[in-house]
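Chains as they are written, first to last, in the working numbering: chain Z, 1 to 296; chain D, 1001 to 1301.
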Ligand SMILES: [Zn+2]
């Protein structure tokens, strides 16, 4: 994995920066020492370009997801990738050194360093030791840090327990993160989460606030009376993106036709959902684009 | 005119200061690690302090369109607590190469004790190892002896004077500091110590080469606008604009720029104030306040 990541970094990074990194990696392979590691991990900022987004071709993507399903470096900046490469060397240093050093790094990390550390989690050993760090990390309100733990990564899906998973999904909604980029929403759906999401929707409705249609995706396997009545309300919404959520559940997750009475309200979205033009991903992408456009 | 205040302790200052500094043309600041008035009793307090310098304070400055940098180090006062000092020395390697850390500082002598010298040496060696500039605090008592002793120690460790800024100079110390090749910084305190007029005299005598003006504004009576105010006074006194720009902007940029962590384009290409930016869920604006309007009402003349 480290080789492949270095190769990707070389697509964009300056030769001088890559030389520096490779020299450091070679030194650490001969004999690991914490202090030079700290210097290198922070010192990435002296050699690489944080404005530069790494380029990943199809072949790279395939190699990465073959080695670690769900793992991707798309849209990463050079700082992030260079630091993850360094962390892979740290991970080879035995459990005690690895965990002690990692904890020291997390406790003193600036925002970009935190982002890099959490980005590396799917590639690291001892996930049971990393879970508490990731869960503590999700308590942040620094959006970039939360995103590194929750979005476009297989780590929470694979290693969080239900409590951790549910808190993460609720928080992602609470701070308006694009839920379609959370991996494992279907496989990790659970009744407790569905109920909590329904309650969150009710709180928001009561306060006259927006409820993301992505919220209902985790409720799809649990069409309780309460959730069916929630979806009836969503189906009546004039916004086609709200209707889309009901259509997606009716088309894909409703074998018993519990939502039969709502189908007429979302007829045109239902056609799209059945034909595959509308998916949770396309809905999520549309919502994310709209949010970005509104912020700009 | 743009200003770079290379010594200011913003953790002790209010948002009013940030607003007035931005309005007066301060584009970047360097916050040295220092004593916080109340002695710390745990190493963890230093860790959280350093985390504040690279975290929340940097964000707070950014809310006013000011780029915030820092120097990291064990201050001479607290170097006298050996247990604490050893713990801080273990912590420093985690911070000194971080983004936006432009040197080791402020370090040096306070009471000029043995322990102070030990930790000055150790930190000077650390600066050499990490190839970083050093920001030196000179003692308020017996300043001249302390300043010379500091330079002796630094040269003994092998530091390059061009990578060291000696701060809190006065008329008694400036000549030897410049002669030995160091940067000489002057702290402008209102009413006491070195006032703005005395600074004008020093400029007349020594010109602008390797001289730096800073505010060292902290939790005591001090003035976060000392640099722009001194610049205005220098202009009135007929000092050339070129020299004023050097001591209030260009020189600290060159001195601390040797860290590779301080570049003019950091603020020239900044997208300006983004009130939507959040840190830990906080914005500093309250109740839908517009920062530009808030600042416009605070412009100093
Ligand atoms: Zn100071």
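Yeah, the Cβ is synthetic: ideal placement off N, Cα and C, and Gly gets one too.
For residue 1105(D), the enclosing beta strand (DSSP E) starts and ends at 1101-1108. Between residue 154(Z) and residue 70(Z), the C-beta gap is smaller than 7 Å, which places the two residues in contact. Taking a cut-off of 8 Å on C-beta distances, the segment 1104-1119 of chain D touches the segment 1076-1086 of chain D, as three or more cross pairs fall below it.
Counting along the chain, no beta strand (DSSP E) covers residue 73(Z), and no H or E run does either. By the rule that beta-carbons nearer than 7 Å mark a contact, residue 1098(D) touches chain Z.
When 8 Å is used as the limit between beta carbons, residue 108(Z) is near these residues of chain D: 1047, 1050, 1051, 1091, 1094 and 1095, in chain order. Within the same chain, 1176 come within 7 Å of residue 1148(D) by CB-CB distance, once the 5 residues on both sides are set aside. With contacts defined as CB atoms closer than 7 Å, residue 1228(D) and residue 1003(D) qualify as a contacting pair. Contact of residue 1054(D) with chain Z is assigned, a C-beta pair being separated by under 7 Å.
When C-beta distances to chain D are compared with 7 Å, the residues of the segment 38-55 of chain Z below that value are 38, 39, 42, 43, 45 and 46, in chain order.
As DSSP reads the structure, residue 1135(D) sits in a beta bridge with 1105(D) and 1165(D). Per DSSP, reduced to three states, the secondary structure at residue 1187(D) is strand. Among the CB atoms of chain D, none fall inside 7 Å of the CB of residue 204(Z). Across the segment 112-127 of chain Z, CB contacts with chain D closer than 7 Å involve 112, in sequence order along the chain. Runs of the alpha helix (DSSP H) lying entirely within the segment 1056-1117 of chain D, each at least 4 residues long, are 1056-1062 and 1082-1095 in chain order. Between ligand 1 and residue 1076(D), a heavy atom-to-CB distance of less than 6 Å is absent. In this structure, 169(Z) is the residue among 4(Z), 278(Z), 169(Z) and 120(Z) with its C-alpha nearest to the C-alpha of residue 138(Z). In terms of beta-carbon proximity, residue 1260(D) lines the interface with chain Z, with at least one pair separated by less than 7 Å. In the pairwise beta carbon analysis, the segment 279-289 of chain Z is classified as touching the segment 178-185 of chain Z: at least three pairs are separated by under 8 Å. In the three-state scheme derived from DSSP, where H, G and I count as helix and E and B as strand, residue 1003(D) is classed as strand.
If you draw a straight line from the Cα of residue 234(Z) to the Cα of residue 199(Z), it comes to about 14 Å. If you measure from each CB to the nearest heavy atom of ligand 1, the residues under 7 Å come out as 1007(D), 1009(D), 1032(D), 1034(D), 1106(D), 1137(D), 1216(D) and 1218(D).
The Cβ atoms of residue 1119(D) and residue 1085(D) lie closer than 7 Å to each other.
Residue burial annotation: residue 20(Z) is buried, with at least 16 other C-beta atoms found within 10 angstroms of its C-beta. Secondary-structure assignment with DSSP links residue 1217(D) through a beta bridge to 1008(D).
According to DSSP, residue 1028(D) shares a beta bridge with 1004(D) and 1067(D). Contacts with chain D at 7 Å (Cβ-Cβ) do not include residue 181(Z). Taking 7 Å as the cut-off, the beta carbon of residue 248(Z) is found closer than this to the beta carbon of residue 273(Z). Using a Cβ-Cβ distance cut-off of 8 Å, the segment 1235-1250 of chain D and the segment 1200-1218 of chain D are in contact, since at least three pairs of beta carbons, one from each stretch, lie closer than that value. In the DSSP annotation of this structure, residue 1210(D) is not part of any alpha helix (DSSP H), being labelled neither H nor E. Taking 7 Å as the cut-off between beta carbons, the residues of the segment 78-106 of chain Z near chain D are 104, in sequence order.
With 16 or more other Cβ atoms from the protein chains shown falling within 10 Å of its own Cβ, residue 1098(D) counts as buried. Look at the segment 1116-1136 of chain D: the residues with a C-beta under 7 Å from a C-beta of chain Z are 1130. The alpha-carbon separation between residue 1225(D) and residue 1232(D) amounts to approximately 11 Å. In the displayed model, residue 140(Z) falls within coil according to three-state DSSP, outside both helix and strand. Bounds of the alpha helix (DSSP H) holding residue 1265(D) are 1264-1268.
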